[in-house]
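Asker:
Numbering (my numbering), first residue to last: 213 to 667.
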């Protein structure tokens, strides 16, 4: 059997297509949307209207709206319900301690641009808590499970640290001001490589007993573990849109500074193009200004621009309504129909994110149990991820529908409260009942006493 090459050499030739997608998509997202400038046209105007960046950022914000994790009790008993509530409290504190609201939004943009995203869940021995970070997926190299591409049998994490940090962490002095670190994780072992060489003294049994990474795709591609960027399908249409807007810009600029056309003139040596100039033209000559806007020619360019913009919205599944542009008042079902392409896109993304967030929370609970002495993992029956709707509700319409269903006796008040967005329907219903009792008691107290019967 041929010898296995060292890990740095193995990573050098691994996942080239994936890393190439990351590089191309990130450059395009940052606005590098024109090919390398030709030296002959270096000074030519090139407009870049970065619609791709606006679409990615807007879609990411829609996806992340109202993400919450809930624990499923093992039974309806008070003890199991209290245990599930304790897990939810811990996960809420975990989110606050790690700034997950901000981290999740940044990671969502990473996923949309690059095509993949990741979390790393570790135990911080100094602070004695679970730490959640989002490593750069360009430095992650997973080995997918042979039959399940969502699981990994090995993950290599490559990154760079300053010399001082390497010495503080591992007591090893790198040869330069910075060092390339590679962590090699399996369920059983953790090996550390520094500057391309293994450090046997740092090799150890995996202290977690699991691979502490959650790696997930932006959009699932059949038969492939890594995903597809939202940027790549929009590149061609975005480049053509930039070219077309540049053409229109040039036409408008030339129209503002019209070109003088001279016919039947042999020489223009004594003709000065300045305000108030008087030209003496030879007999039979003619002078006029070239009007680039005559005949409605620019209208064709503007119509083509509109078609390109419409195609960009169609391909990105982000209707113009998502940008706040609508020529009529929409709400409720009408707004949902208008936003249907974006709703479907967000739903596909949320299915993938739900699995990732549940796995991240599960890893955090396991590490807390292992190093913090808690018993969260076995106290619940699992986790669910819930999301808020991305379209603004029509509260009057929704409330009227719920009132009608409750009045007809086919829906409970608690369910109606939940459907109207109340975060704790059970508590709110208790308040309603208590308030009704208080009002009834007060009404009885305010009633006048019955008149005494006089014989």
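For glycine and all other residues, C-beta sits at the position ideal for the given N, C-alpha and C.
Values in this document were obtained by computation on a predicted structure and should not be read as measured data.
Along the chain, where does the beta strand (DSSP E) containing residue 594 start, and where does it finish?
Answerer: Taken as a continuous stretch (DSSP letters only), the beta strand (DSSP E) holding residue 594 covers 592 to 598.
Asker: Are the beta-carbon atoms belonging to residue 326 and residue 350 less than 9 Å from one another?
Answerer: Yes, Cβ-Cβ distance for residue 326 and residue 350 is below 9 Å.
Asker: Could you give the uninterrupted runs of the beta strand (DSSP E) lying entirely in the stretch 349 to 415, keeping only those of 3 residues or more?
Answerer: Fully enclosed beta strand (DSSP E) runs of 3 or longer: 352 to 356, 364 to 374, 390 to 397, 401 to 406.
Asker: Over what stretch of residues does the beta strand (DSSP E) that includes residue 427 continue unbroken?
Answerer: Its beta strand (DSSP E) spans residues 425 to 429.
Asker: I need the boundaries of the alpha helix (DSSP H) containing residue 244, first residue and last residue.
Answerer: Where residue 244 is concerned, there is no enclosing alpha helix (DSSP H), given that its DSSP letter is neither H nor E.
Asker: Please name the residue, chosen from 587, 242, 580, 408, that lies closest to residue 419 on a Cα-to-Cα basis.
Answerer: Measuring from the Cα of residue 419, the nearest candidate turns out to be 580.
Asker: Let me check one thing: in DSSP terms, what residues is residue 329 bridge-paired to?
Answerer: DSSP lists 428 as partners of residue 329.
Asker: Ordered along the chain, which non-local residues of its own chain (more than five positions away) have a Cβ less than 8 Å from that of residue 302?
Answerer: Hits under 8 Å: 577, 580, 586, 588.
Asker: Suppose the cutoff is 8 Å on Cβ atoms and the five residues either side in sequence are ignored; what does the same chain contact list for residue 402 look like?
Answerer: So the list reads 395, 396, 415, 416, 417, 418, 419, once near-sequence residues are dropped.
Asker: Does the stretch 231 to 247 come within contact of the stretch 521 to 536, defined as at least 3 CB pairs closer than 8 Å?
Answerer: At 8 Å Cβ cutoff, the stretches do not touch.
Asker: If we count Cβ pairs, one from each stretch, closer than 8 Å, do we get three or more for the stretch 316 to 325 versus the stretch 271 to 283?
Answerer: Yes, since at least three Cβ pairs between the stretch 316 to 325 and the stretch 271 to 283 fall closer than 8 Å, the two stretches touch.
Asker: With a floor of 4 residues, list each alpha helix (DSSP H) that falls wholly inside the stretch 631 to 658, ordered by position along the chain.
Answerer: With a minimum length of 4 residues, the continuous alpha helix (DSSP H) runs that stay inside the stretch 631 to 658 are 637 to 658.
Asker: Indicate whether residue 330 and residue 444 have their beta-carbon atoms separated by less than 9 Å.
Answerer: Not closer than 9 Å, so no.
Asker: Should residue 659 go down as buried or exposed, given a rule of 16 or more other Cβ atoms within 10 Å for buried?
Answerer: Exposed, by the Cβ-count rule.
Asker: Residue 256 lies in the alpha helix (DSSP H); which residues open and close that run?
Answerer: Segment: none, residue 256 is in no alpha helix (DSSP H) and carries neither H nor E.
Asker: What does the Cβ neighbour count give for residue 652, buried or exposed, with the cut at 16 atoms within 10 Å?
Answerer: By the neighbour-count rule (16 or more Cβ atoms within 10 Å), residue 652 is not buried but exposed.
Asker: In the DSSP output, what is residue 575 paired with across the bridge?
Answerer: The partner list for residue 575 (beta bridge, DSSP) is empty, contrary to what the question assumes.
Asker: Would you say residue 334 and residue 434 are within 9 Å of each other, going by their C-beta atoms?
Answerer: It is not a contact, given that the beta carbons lie outside the stated cut-off.
Asker: Note the first and the last residue of the continuous alpha helix (DSSP H) segment covering residue 293.
Answerer: Per DSSP, residue 293 belongs to the alpha helix (DSSP H) from 290 to 310.
Asker: Express the C-alpha separation of residue 566 and residue 217 in angstroms, rounding to a whole number.
Answerer: Computed Cα separation, rounded: 37 Å.
Asker: For the stretch 259 to 267 against the stretch 446 to 466, are there 3 or more C-beta pairs whose distance is under 8 Å?
Answerer: Yes, they touch.
Asker: Please name the residue in 227, 328, 343, 332 whose C-alpha comes closest to that of residue 583.
Answerer: Here the closest residue by C-alpha is 343.
Asker: What are the boundary residues of the alpha helix (DSSP H) that includes residue 266?
Answerer: Looking at the DSSP string, the run of the alpha helix (DSSP H) that includes residue 266 is 263 to 275.
Asker: DSSP on residue 323, reduced to helix/strand/coil?
Answerer: In this structure, residue 323 counts as helix in the three-state DSSP scheme.
Asker: Sorted by chain position, which residues of the same chain lie with C-beta nearer than 8 Å to residue 373's C-beta, five sequence neighbours on each side aside?
Answerer: Excluding positions up to five away in sequence, the list reads 381, 390, 391, 393.
Asker: Cβ of residue 534 within 9 Å of Cβ of residue 441?
Answerer: It is not a contact, given that the beta carbons lie outside the stated cut-off.
Asker: Buried or exposed, going by whether 16 or more other CB atoms sit within 10 Å of the CB of residue 464?
Answerer: Flag for residue 464 reads exposed.
Asker: Look at the alpha carbon of residue 614 and the alpha carbon of residue 448, and state the distance between them as a whole number of angstroms.
Answerer: Approximately 47 Å between the Cα atoms of the pair.
Asker: Rounding to the nearest angstrom, what Cα-Cα distance links residue 625 and residue 650 in this structure?
Answerer: Taking the straight line from one Cα to the other gives about 19 Å.
Asker: Helix, strand or coil for residue 622, going by three-state DSSP, please let me know.
Answerer: If DSSP states are grouped into helix, strand and coil, residue 622 belongs with coil.
Asker: Using only the alpha-carbon positions, how far apart do residue 636 and residue 304 sit?
Answerer: About 16 Å.
Asker: Thinking C-beta only, is residue 281 closer than 9 Å to residue 573?
Answerer: In contact: residue 573 and residue 281 (Cβ atoms closer than 9 Å).
Asker: Under the rule that 16 or more other beta-carbon atoms within 10 Å means buried, what is residue 561, buried or exposed?
Answerer: Residue 561 is buried by the Cβ-count criterion.
Asker: Quickly, what does DSSP pair residue 285 with across the bridge? List them, please.
Answerer: For residue 285, which the question treats as bridged, DSSP gives the partners 592.
Asker: Please classify residue 343: does DSSP put it in a helix, a strand, or coil?
Answerer: DSSP places residue 343 in strand when its eight states are reduced to three.
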